[in-house]
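Colleague:
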Ligand code: BTN
């Protein structure tokens, strides 16, 4: 185990991956999503997981940079070639969010899911998901702060880790193995089993019942979140009736 900032041996985690998931480990890449995309375009099969000890250009949603503490955070991507119709593939991001939350539950933490796919511990962000599509494939990029305690100043107020939340160290390889196992199950639930995935999401949704400000396609709005709809959309009431949002940015709880 790498408790602090040493190099983690991910071999034991890979040995526990369910079929057909398998692992590629890189010392350094620009972004695991980009590296895996190149492999996908070259024909890599469903279930390939690429993890890197270091990302030089890790990316978050909306083009933001993603910080992953070296030796203290997980930064990896999963290649999926789902059997379900492509219209359902965006649900994989919710599947990944629920997998992260279930993994944190397993380690006795108390995660919340901030729709669409931020994972919170104590109202701070511990993990994020970047889902990107390609021709016949999807890449789910996942970043999880495991033992990180030092964050860059620009995110120090809003970021957290499993270690900060629990006050103890975690074995990154053990966390990784659990996370892949959960994601494998949830990724298979975007079709007929989606209602069950939605229940797991709704149970942990930190936005339900809250007043929020958010940026929707038609501008900045303020209103109340009523919950998550049957397709995974956010049900938003800005005073003029319920608006189902499939995409919204800068969602902030107004306390
Ligand atoms: C977000 O919350 O903005 C999404 C963050 C996603 C970060 C992960 S780290 C592994 C993968 N590679 C990347 O460049 N990004 C994702």
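Residue numbers (my numbering): 72 to 326.
Beta carbons are placed, not taken as given, at the ideal position from N, Cα and C, and that holds for glycine.
Source: prediction; values computed, not measured.
1) In its own chain, which residues sit with a C-beta less than 8 Å from the C-beta of residue 313, not counting the 5 before and 5 after it?
2) Using the Cα positions of residue 149 and residue 202, report the straight-line distance between them to the nearest angstrom.
3) Would you grab the beta carbon distance between residue 180 and residue 236 for me? Rounded to a whole angstrom, and I think it's under 8 Å.
4) Who are the near neighbours of residue 228 in its chain, counting only those whose CB is closer than 6 Å to its CB and skipping five residues on each side?
5) Tell me residue 276's beta-bridge partners as DSSP assigns them.
6) Taking C-alpha atoms, which residue in 84, 274, 119, 81 lies nearest to residue 185?
7) Considering only residues of the same chain and omitting the five flanking positions on each side of residue 173, which have a CB-CB separation below 6 Å?
8) I want to know whether the stretch 238 to 258 touches the stretch 288 to 303 - three or more CB-CB distances under 8 Å.
9) Rounded to whole angstroms, what's the CA-CA distance from residue 78 to residue 233? Just pull it up for me.
10) Write down the C-beta distance between residue 97 and residue 123 rounded to the nearest angstrom, noting that I regard them as a contact closer than 8 Å.
11) Quick one: does the C-beta of residue 131 sit closer than 6 Å to a heavy atom of ligand 1?
12) Considering only the beta carbon of each residue, do residue 141 and residue 125 sit closer than 7 Å?
13) Go through its chain and collect everything with a Cβ distance to residue 165's Cβ below 6 Å, but skip five positions before and after it.
Modeller: Looking at the coordinates:
1) Cβ within range, chain order: 297, 306, 307.
2) Computed Cα separation, rounded: 10 Å.
3) About 5 Å separates the Cβ atoms of residue 180 and residue 236, confirming a contact at the 8 Å cut-off.
4) Annotation for residue 228: no residue places its beta carbon closer than 6 Å to its own, counting only its chain and skipping 5 residues before and after.
5) BP columns for residue 276 point to 184.
6) The residue among 84, 274, 119, 81 with its C-alpha nearest the C-alpha of residue 185 is 274.
7) Residues of the same chain with a CB within less than 6 Å of the CB of residue 173, apart from the 5 flanking positions on each side, are 253 in chain order.
8) A contact is defined here as three or more CB-CB pairs under 8 Å, and the stretch 238 to 258 fails this definition with respect to the stretch 288 to 303.
9) Taking the straight line from one Cα to the other gives about 18 Å.
10) About 4 Å separates the two Cβ atoms, so the contact holds.
11) Answer for residue 131: yes, Cβ within range of ligand 1.
12) By the CB criterion at 7 Å, residue 141 and residue 125 fall inside the cutoff.
13) Hits under 6 Å: 272, 303.
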